[in-house]
Amino acid sequence: MNNINRRNFLKNCGIGMGMFVASGSLVEALFAKGASNAEVNEKIFGLSTEDIKKLLEIGLSKGGDFSELYFEFSVSNSVMMQEDIIKSSSESITLGVGVRVIKGAQTGFGYTNELTFDKIKNVVLTAAAIANSPKSTVISGMLPKDPVRQVYTMDNLISDQKLETKIDLIKSAYSAAQNYDNKIKKVTASIADSFSLITIANSEGLLISDRRPQVRLMVNATAEDNGVRNTGVGNDGGRIGLDFYKTQSTPEQIGKKAAHEAITLLTAKNAPAGELPIILNKNYSGVMVHEAVGHPLEADGAWKKTSIMWDKMGQKVASPIVTIYDDATIPNLRGSLNIDDEGTPTENVVLIEKGKLVGFLNDKLAAKQLKTKPNGHGRRESYANNPIPRMNNTVLAPGEYTPEEIIKSCKKGFFADTFQGGMVDSTGKFTFSVNLGYLVEDGKLTQPLKNATLIGSNIEVLNNIDMIGNDMGFFLGTCGKDGQSVPVTCGTPTFRISKMTVGGEA
Amino acid sequence: MKLNKQNLLKLAEDLVKYAKQKGADQAQIHIGDSTDFSVEVRNQNIEKLTEASARGLSIKVILDNKVATASSSDMSMDTLKKLIDNAITRAKLSSKDEFSGIPELEKIEVDIDSLKLFDPQILEVAADEKIRIAKKLEEIALKDSRIKISNGSFFSSGFGATILANSNGFAGYYEQTSVATGVYLQAGEKDNMYEDGWYDVSLNWAGLKSVEDIAKKAVNNTTRMIGARKIPTALMPVIFEANIAASLFGFLAGCLSGSSIYMKQSFLTGKINTKIANEKVNIYDNGLIPGLIGTQPFDGEGVPIRNKTIVENGILKNYFLDTYSGKKLNMKSNGSASGVTNFYLEKGTHTPEQIIKSIDKGLYITSTIGQGTVPTTGDISKGAFGLMIEKGELTYPVHEVTFSGNLETMLNDIEMIGNDLNFRSSVNSPTIKIKSLSIAGQ
């Protein structure tokens, strides 16, 4: 709570964090193909379309402008291998409804996991009390519908696989890490998958459902040599099916990546301290863009005027080679969505174009306050949280240099390879923490460097981006803001910042 | 609220029985029941008002030394039974783990009422009064003309019941209330703003600090950063203000968790009964101090909470062990299945002013930003904000620097410990002085 205004971005590398998971039979039974949304809502949430409409009308009965019900049912599963054995597996059911009533810029919010009409009605009445000028409202024409876009695969979902299949995947990842080098002493491999049904209904007549898969396979390996120990991590996944682990990112590759990081760290030294040119590796550096650009452009900070960026629309805030967008519609990424958690269709939102600020990430409330349109960025951790503007897949557009040219350009600098995460405050000061880096000397990567936090002010650092590569990589993360965690992705090419303060050994 | 007690205990015990009937050798059921209220105020308007209640249940089954777990927010008997059936099926696919098992039954000796976890007044105070307090807190803070932006104030209160039953005959129940209020602010000029704030939290209504005290601290924390600058990179002595020192001990607590120890993902693996800190350092974890945030009668496995000596005169005496990690390390659970309780560095004799006076040139760190902690090595590197110390005086604010070091070295380099220990979270520390750290700036 002491960091209530800080936004942080952590990559989940431990077991027991970010339990997004699933089990075959229940999912199949409850999400049977061919059933209409109205039937599914009634079966899973116990309410007819008519009931939902009535509850939304009650939500407006005290004079609210807008009422909303957000139903969630999800089944999550995980299984973990550690110290050569399958230690345990877990199944988790989330069922509940979140109720929101808005009056002006004020929100009344409540939730319950007892899905009876009377219980929900009580919660609706409490949320409705945010307004105090009773009136009667009739909501007309509520028709259940599906998103127009489908950006996640529904084929061969991990949630539909037998536990044995998932155990095979983590065994492969585990062995690959363990066999990478005889200095690898301890390995943990796990897979966590979930399948969620979200139904959103609001007083504007919207009634929409979305079915969302999410998977992550994680490996964490500890290497030991002459009393020195280090831990490396690897993970991959997204809104994907089993085929992803056969063709795009194999469990073996994920396991090897974790082991490689742990082994490389054994010879790593402390980073130098002070201001240095920084080169960021394509695969993991999205966290920098996430902190420096994404959070400050979430529109709650704009309408509340708490973000350093609130008054900079149309102004130059970055070097002219910088274009940044957030696109939730990229297929199968961890942060992708068909609709946001307010039912708004997602789109590609350009945030910075050639250095100029051109867009914010809006939810409904922020869009109304800023007299603009929502653009599909209202997200919530679960039914027990209200939606707020959030990122999905935040991307720094590629530039013209090859990664080799960028490294060659640097006489002495710091190459950031893998990350622990980052953090930013409203005033634009941000950090990102590098797990493994390299010293750059005369255009070559030389000495591996460990644990270094880099700090800067966002506008200054954005203006110091002076070379952008023509490659692209994506980083899977879990983003925390106002106590809510949501899955996100961020993408960057290899790029260079002319100087930033590196925390190391003075 | 106590009406719930018998029903929820019975539900937990019935599900333990059901799991046994279905073939589990051992079973554990944990239920959490909570009711929450919160209000967020900004510029004197209510921005969000939340009232909600929720339940969650978690299940652990063991058969033939094979483990499976489950959890649910759907409390219907059909779903819960189905989850137990599934868990028993899944457990058969886990490997035999000789260290698995629920704890032997131990009697809870402590009188739960004496722990002062529950204050009915928190639930009786009307919502309007809670809203008034949040508004008042912000109003007082905004009176200071140096404060340019309010990030908002909040007031929250909650009730929670914890129910645990297992197949070794444990059945336990306790209730807890809590109340918290705080405000977050920005001060400075145009694109050089600084944000900070303060909050207080208590398990009883009377224990919450006054809005005047909280506002004053929030305003001071924020305004003392106005005009901050970077400093040149150097090695220098560093003071960590009490609540920032607490975050260092939070990192230490994480490195002491039994699972990190047996997985060798902690720099403290194998260091029990060896010197890990300066001999001035005494650290305890005492979950039995009445009325504190981390106080509780039993842990997440029904093992009684106790007062543990963690570090005595610089020597590491205890890890945080649950039943499983205890067996793995050939030790015994010390009631740590729910992690730390009230973890604290014993206070010293110096006032914070005396500690500042002892430094000719150094940095007084008041806030940190970022992750930058590696349990396996104890390495730490974080962004920092603070105040420069010159000739024993705080002179000017400092920003955009980082400090880096290694936790074990830092623990050994603790030169002075303040007398200002306050319990405000589950990890607590007085102000501390570290002999020397790398500060990276210009």
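Here the protein sequences line up with chains A and B, keeping their order. First residue of the first sequence: 2, per this note's numbering; consecutive thereafter. First residue of the second sequence: -12, per this note's numbering; consecutive thereafter. All C-beta atoms, glycine included, are put in the ideal place defined by N, C-alpha and C. These figures come from a predicted structure and were not determined experimentally.
Runs of 3 residues minimum, wholly inside the region 407 to 473 of chain A: which ones carry the beta strand (DSSP E) assignment? 413 to 425, 430 to 442, 445 to 458, 466 to 469
Over what stretch of residues does the alpha helix (DSSP H) that includes Pro107 of chain B continue unbroken? 107 to 111
Return the chain-ordered list of same chain residues with a C-beta closer than 8 Å to the C-beta of Tyr171 of chain B, the five sequence neighbours on each side being excluded. Ser137, Asn138, Gly139, Ser140, Glu182, Asp183, Gly184, Ala205
Any beta-carbon of chain A closer than 8 Å to the one on Ala221 of chain B? yes
Between Arg293 of chain B and the rest of its own chain, which residues show a CB-CB distance below 6 Å, the 5 nearest in sequence each way excluded? Gly322
What does the alpha-carbon distance come out to for the pair Val350 of chain A and Asp328 of chain A? 6 Å
Just to check my reading of the structure: Tyr326 of chain A and Leu358 of chain A have Cβ atoms closer than 8 Å, yes? What is that Cβ distance to the nearest angstrom? Not quite, the Cβ-Cβ distance comes to about 12 Å (not below 8 Å), so this is no contact.
Shorter than 8 Å from the beta carbon of Val22 of chain A to some beta carbon of chain B? Confidence is the limiting factor: at Val22 of chain A the pLDDT is only 27, short of 50, which leaves the residue's position unreliable, though a coordinate-based value still follows. Closer than 8 Å: no.
Classify Arg77 of chain B as helix, strand or coil using the three-state DSSP reduction. helix
8 Å contact criterion, which Asn73 of chain B and Glu165 of chain A should meet: CB distance rounded: Going by Cβ atoms, the distance from Asn73 of chain B to Glu165 of chain A rounds to 14 Å, so no, they are not a contact pair.
Does Ala368 of chain A have its Cβ less than 8 Å from a Cβ in chain B? no
I want to see whether chain B comes within less than 8 Å of Asp426 of chain A, judged by CB atoms only; does it? yes
Is there at least one Cβ from chain A nearer than 8 Å to Val361 of chain B's Cβ? yes
On the three-state DSSP scale, how would you describe Thr210 of chain B? helix
Consult DSSP for Phe496 of chain A and reduce its assignment to one of helix, strand or coil. strand
Counted within 10 angstroms of its Cβ, other Cβ atoms place Ala113 of chain B as buried (16 or more) or exposed: exposed
Thinking Lys9 of chain B and Ile75 of chain B are a contact (beta carbons under 8 Å), I'd like their distance in whole angstroms, please. 5 Å
Three-state secondary structure (DSSP) of Tyr384 of chain A: coil
Nearest-angstrom beta carbon gap, Thr432 of chain A and Ile356 of chain B [assumed within contact, 8 Å]: 5 Å
Do Val229 of chain A and Gly256 of chain A count as a contact pair if the criterion is CB distance below 8 Å? no
What are the boundary residues of the alpha helix (DSSP H) that Ser165 of chain B is part of? Premise fails: Ser165 of chain B lies in the beta strand (DSSP E), 158 to 176, not in any alpha helix (DSSP H).
Does the region 311 to 318 of chain B come into contact with the region 76 to 96 of chain B, if we say contact requires no fewer than three beta-carbon pairs (one atom in each stretch) closer than 8 Å? yes
Shortest alpha-carbon distance to Gly43 of chain B belongs to which of B:Leu394, B:Ser59, B:Leu424, B:Pro417? B:Ser59
Which one or two residues does DSSP pair with Gln13 of chain B in a beta bridge? B:Ile49
Same chain, Cβ closer than 6 Å to Lys451 of chain A, neighbours up to 5 away in sequence not counted: Leu266, Ala269
Is the shortest distance between the beta-carbon of Thr389 of chain B and the beta-carbons of chain A less than 8 Å? yes
Please report the residue range of the alpha helix (DSSP H) in which Leu352 of chain A lies. Careful: Leu352 of chain A lies outside any alpha helix (DSSP H), inside the beta strand (DSSP E) at 349 to 354.
Closest by CA to Ala385 of chain A, which one among A:Ile264, A:Ile192, A:Thr200, A:Tyr112? A:Tyr112
Buried versus exposed call for Glu199 of chain B [16 or more other C-beta atoms within 10 Å across all chains shown]: exposed
At what residues does the alpha helix (DSSP H) containing Asp301 of chain A begin and finish? 300 to 304
Within 10 Å of its beta-carbon, does Pro219 of chain B have 16 or more other beta-carbons around it, so buried, or fewer, so exposed? exposed
Reference Ser425 of chain B, options B:Leu394, B:Ala148, B:Val414, B:Phe410, closest by Cα: B:Leu394
Let me see if you follow: with CB-CB separation under 8 Å, is Phe110 of chain A close to chain B or not? yes
Straight-line CA distance for Ser24 of chain A to Asn157 of chain A? For Ser24 of chain A, the predicted structure reports a pLDDT of 37, less than 50, and the residue's modelled location is therefore unreliable. A value from the coordinates is still provided. In a straight line, the C-alpha of Ser24 of chain A is about 13 Å away from that of Asn157 of chain A.
Own chain, CB closer than 8 Å to Asp1 of chain B, minus 5 neighbours either side, in chain order: none
For the region 154 to 165 of chain B against the region 277 to 290 of chain B, do three or more pairs of beta-carbon atoms, one drawn from each stretch, fall closer than 8 Å, so that the two count as touching? yes
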